[in-house]
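The structure appears right after this line, and notes come after that.
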Amino acid sequence: MAEEKYDVTIIGGGPAGMFAAFYCGLHELKTQLVESLPQLGGQVAALYPEKQVWDVAGMPGVSGQELVDRLEQQMAVAPVDRYLNETVEDVIKEADGTFVIKSANRISRSRAVVIALGNGAFTPRKLSLDGADEAEGHQLHYFVNHVADYEGQRVAVLGGGDSAIDIALMLEPVAKEVSIVHRRDEFRGLEHTVNQLQQSRVNLVTPYLPKEIRVEADQTVTLGLKKRRSDEEKQLNVDQLIVNYGFTSNNAALNEWSLGLASDHHLIKVDSTMKTNIDGVYAIGDGVTYPGKVALIAAAFGEAPTAVTALAKALYPDKKMAMHSSSMGIGK
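So the sequence shown is numbered by our numbering: it starts at 2 and just counts up by one.
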């Protein structure tokens, strides 16, 4: 079978990779996007499809899934080959400067590569209490895929960061009752979000640690809590328990590639054009580091055109390129 040849290969189909693919299409670069999951959207689609996203300019409070849907609509403007449910196993730089992209069932070639893998594979930090594993998927959850599933339910959220607060506020309008349990008196979220929480109907249970979980005969769950620096204990009976202690992630697969990417604390080091230490390889999104880096979707949406513009100029130095979409004749 003949190996397909591309100008650009984007590895990772989260928001950063999707926007980079769109921008490659605008520059008429032959592009493929390779994503290991069966759908586009990365962590946003897999973990927070109904969570509101507030850090994307011009789209206040857009849900994760709606953001992904809009990015897909944007990608449709320009042709991009998509390969889903495909994991890149190696990227090899040839003597002529091109790259061999290897996955389990396919080999392709590319003149440039954009790595948009985020923080890599992610798994939730589990609740390490007896009975938690048995309750998982029934009364205990680590993700909220459908808000409607919690309508009229009594819900407890464990955690004190932005995501835990967002979940509690998201469920408040539909749930019968929402409690958030945090081990500290103060929450670690953004000030605006914390103020919203304090003004809401969400019951703040602080500073308590979960000590016991018990599934009752009526299929409700009772959470045994102990107050920090105190012998005081209490119980909280709910219909559903959502644990949000964050996620562990790793990009260990990158270490198996033949590229030899420079990194700092498992993050790919890039320069001001998003280029790595390997000519022709660029990286964007949460998985990169540079001075002043901010791990937000909004920042990644700026990194994508920076990387694509730089690689396009490197691939076609004599080609005059429009820098603004309004100059590219979209929709005409």
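Don't be surprised by glycine CBs; every beta carbon is placed ideally from N, CA and C.
Remember, it's a predicted structure, so these values are computed and weren't measured experimentally.
Between the C-alpha atoms of residue i and residue j, what's the straight-line distance to the nearest angstrom?
i	j	result
D163	A136	25 Å
Y24	E304	11 Å
V203	V92	49 Å
V63	T223	34 Å
M19	Y317	22 Å
A311	G281	10 Å
Q66	A46	6 Å
V182	M171	16 Å
N278	L260	9 Å
T207	R185	6 Å
G13	N256	16 Å
S180	F302	35 Å
L198	R230	25 Å
E233	K227	6 Å
A21	Q33	11 Å
E87	W258	15 Å
E187	L128	21 Å
L205	G293	34 Å
P306	A300	11 Å
L159	A17	29 Å
A296	S201	28 Å
G98	K276	15 Å
S264	E192	32 Å
M60	R71	11 Å
D219	A165	27 Å
A320	D150	Sequence inspection shows Lys at residue 320; the Ala mentioned does not correspond to that position. Using only the alpha carbons, I get a separation of about 53 Å.
R83	V271	25 Å
S111	T249	31 Å
Taking 7 Å as the cut-off, decide whether the C-beta atoms of residue i and residue j are in contact.
i	j	result
I285	V57	no
L15	G121	The amino acid occupying residue 15 in the given sequence is Gly; Leu does not appear at that position. No, the pair does not count as a contact, with Cβ atoms beyond the cut-off.
V289	L262	no
V54	L68	yes
R155	E178	yes
G26	V81	yes
G161	R126	no
H139	A313	no
A133	I214	yes
Q236	G225	yes
Enumerate in chain order the residues of its own chain whose CB-to-CB distance from residue i is below 6 Å, with the five nearest sequence positions on each side excluded.
i	result
L1	Residue 1 lies beyond the range of the chain shown here (2 to 333); nothing can be said about it.
V393	The requested residue 393 does not occur in the structure, where the chain is confined to residues 2 to 333.
K31	Y7 and D8
K94	F100
E152	V175
H142	I243
A96	none
Y209	V182, L226 and K228
T221	N238 and D240
Would you grab the beta carbon distance between residue i and residue j for me? Rounded to a whole angstrom, and I think it's under 8 Å.
i	j	result
D167	T194	7 Å
T274	A253	With 8 Å as the limit, T274 and A253 do not qualify as a contact, their Cβ atoms being about 26 Å apart.
E5	S109	5 Å
A157	V216	About 14 Å; that fails the 8 Å criterion.
Skipping 5 residues on each side, what residues in its chain have a beta carbon closer than 8 Å to that of residue i?
i	result
H266	T290
E338	Outside the displayed span of the chain (2 to 333) sits residue 338, for which this structure offers no information.
I106	Note that residue 106 is Asn in the sequence shown here, rather than Ile. The residues are E87.
Does the beta carbon of residue i come closer than 7 Å to any beta carbon on chain D?
i	result
D240	No chain D is part of this structure, which consists of one protein chain only.
Can you list, in chain order, the residues of its chain with a C-beta nearer than 7 Å to that of residue i? Leave out the 5 residues immediately preceding and following it.
i	result
V148	E51, M171, L172 and V175
L344	For the chain, the structure presents residues 2 to 333; residue 344 sits outside this window and is missing.
Y49	G65
Should residue i be counted as a contact of the ligand NAD given a C-beta to heavy atom distance under 6 Å?
i	result
L316	Looking at this structure, you won't find the ligand NAD or any other ligand, since it has none at all.
Subject >> Validate contact between the stretch 69-85 and the stretch 234-245 using beta carbons, cut 8 Å, 3 pairs >> reply: Touching, no.
Subject >> Three CB pairs or more closer than 8 Å across the stretch 277-296 and the stretch 106-115 >> reply: The stretch 277-296 is in contact with the stretch 106-115.
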